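Just so you know, the sequence shown maps onto residues 23 to 405 in the working numbering.
Written out below as structure tokens is the structure these notes cover.
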Amino acid sequence: MTSNRNSAPQESDSRWSIVLEVSAGIVRLPVARIDSREVLVDSTIRLQIGQRYELIVERPDGHAELIHAEVQQRNDAGLLLRWKPAHPRELTALERLFGGNEPILPEGGDLESALRSRSRLVRTSAIAAQRDSVRVLNLSAIKELIQASVDEVIQESGRSLGEEELRRLREESEKIFQEKLTEFQNEKADLHSHIENLTAKLNRTQELLGSEKDREVERDRFTMTRESLIELERTLDRIIDKSANSHNLPEKVELEIREAVQHSLELERSKATDREEKTRSENIELLERKVHRLAKNLDEARSQRDVARETARRLDRRETSPTGTFTPPEAFTNKTDEDPGGRRRALLVDLVSENRQLREQIVKKVPSDPKRGHDPQIEKDLA
């Protein structure tokens, strides 16, 4: 006798057990039969049919899972409960409980042994309590049904392929494989080239970032203004004079300290002067470029205005001609006093003169040290 079940039952021999909570308290009940669909509890405890309970199912090896089950029926065989998972986690718990209990088929391939291994043992009292009669299939009928199903599947799905068709399928498969391989190689080459470009850009970015950091560090490096240098020089002079007057400092040491301090101060003063001159020169050059650009735009605008004015004058003369005949246009010539080139040259002369005066004022405000000699930058600017 066979029955449709998802998995093979587990003969407990009181090795499986369940724990549930009832009104009387928490009880542990022995299991008579259990599988992936239902559990038969060997107990006469009275539970309400149709009620769902939370069970803790414990395997013989000690592994336990929490699963909900619903009471189906109660008879002399015991209490039958069917699994009713309330959450996907409980489905996973069922798989963990019964996933490793797959039946092992006999090695000999005997159909009767295989059916017996896949069947489950049910008490006749339990069957009688559920149904008045059952249908039974003998072994020969099962074999005939299996053989008929196998023959039908072979007839529907199996037709032998010819040699020519096999060769064609093989060639098509090889062609598709070569296309996929070529596509993959091209994609790999593109990716390699893209990676190289990204690597080069990354290296370039890192170099620029490093240079920018160095530039910021150089810009933020500690510098002293001219006023700070003068104040420092005065302070050191007072300290040295005080030490010399108190006769605590030898004359030789005093001279060496004065020379070292003077050298350091002169060096810092020259750096500050060069830095100020460089900043002023950059500002002046920027202003000069702006003036040249504005002068160029002004010349172009004036030239376009003069051309448009002359064209309008010639058209007006042609329309007002008393003879009505066409008069050829006169050649357009700029007058000497309206020559844009002359105006531009005059403007540049004024700019150069103002630039020289400004540089002379800078030289007067920041005189060069006689020990340093002439400043080549100033001489170059004044040339």
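Backbone N, C-alpha and C fix where the C-beta goes; we use that ideal spot for every residue, glycine too.
Remember, it's a predicted structure, so these values are computed and weren't measured experimentally.
Within the model, the alpha-carbon separation for ASN377 versus LYS312 is close to 14 Å.
The beta carbons of GLY72 and GLU92 sit about 7 Å from each other, so the pair counts as a contact at 8 Å. Within the DSSP bridge table, the entry for VAL41 names ARG50 and ILE78 as partners. Residue pairing by DSSP places GLN95 opposite LEU102 in a beta bridge.
Contact annotation, LEU62 with GLY100: C-beta distance approximately 5 Å; criterion of less than 8 Å satisfied. Scanning its chain for C-beta atoms nearer than 7 Å, with the 5 sequence neighbours on each side dropped, one finds around TRP105 the residues ARG59, GLU60, ILE89, ALA91 and LEU116, in chain order. Annotation for LEU116: no beta strand (DSSP E) segment contains it, though the alpha helix (DSSP H) segment containing it runs 110-120. DSSP places ARG335 in the helix class (H, G or I) of the three-state scheme. CA-to-CA, the gap between VAL283 and LYS264 works out to about 16 Å. Residue state for HIS85 is assigned as coil, using DSSP reduced to three classes.
Of all C-beta pairs linking the segment 274-288 to the segment 246-262, three or more are shorter than 8 Å, placing the two stretches in contact. For VAL63, the enclosing beta strand (DSSP E) begins and ends at 60-63. DSSP, reduced to helix, strand and coil, places ARG55 within a strand of the structure shown. Remark: C-beta atoms of LEU251 and ARG315 do not approach each other more closely than 8 Å.
LEU133 and LYS165 have their C-alpha atoms some 8 Å from each other. Between SER39 and GLU76, the C-beta spacing is not below 8 Å. Within 10 angstroms of the beta-carbon of ARG96 lie 16 or more other beta-carbons, which makes it buried.
Cβ-Cβ distances below 7 Å link ALA86 to ILE78, VAL79 and GLU80 in the same chain, with the five nearest sequence neighbours on each side left out; the list follows chain order. In this structure, PRO82 lies away from ARG50, with their beta-carbon atoms at least 8 Å apart.
In this structure, the alpha-carbon of LYS274 lies about 29 Å from that of LYS293. Classified as buried, ALA54 has 16 or more neighbouring CB atoms from the shown chains inside 10 Å of its CB. By the beta-carbon neighbour count (other beta carbons within 10 angstroms, threshold 16), ILE176 is exposed. It is roughly 10 Å from the alpha-carbon of GLU307 to the alpha-carbon of LYS300.
PHE120 is not a Cβ neighbour of ASP173, given a cutoff of 8 Å. In the DSSP secondary-structure assignment, HIS90 is bridged to GLU76. Assigned with DSSP and collapsed to three states, ASP259 falls in helix. A direct Cα-to-Cα measurement between ALA108 and THR114 gives close to 12 Å. Between LEU373 and GLU310, the C-beta gap is smaller than 8 Å, which places the two residues in contact. Assignment of THR66 by DSSP, reduced to helix, strand and coil, places it in the coil class. By the neighbour-count criterion, in which a residue is buried when 16 or more other Cβ atoms sit within 10 angstroms of its Cβ, LEU103 is buried.
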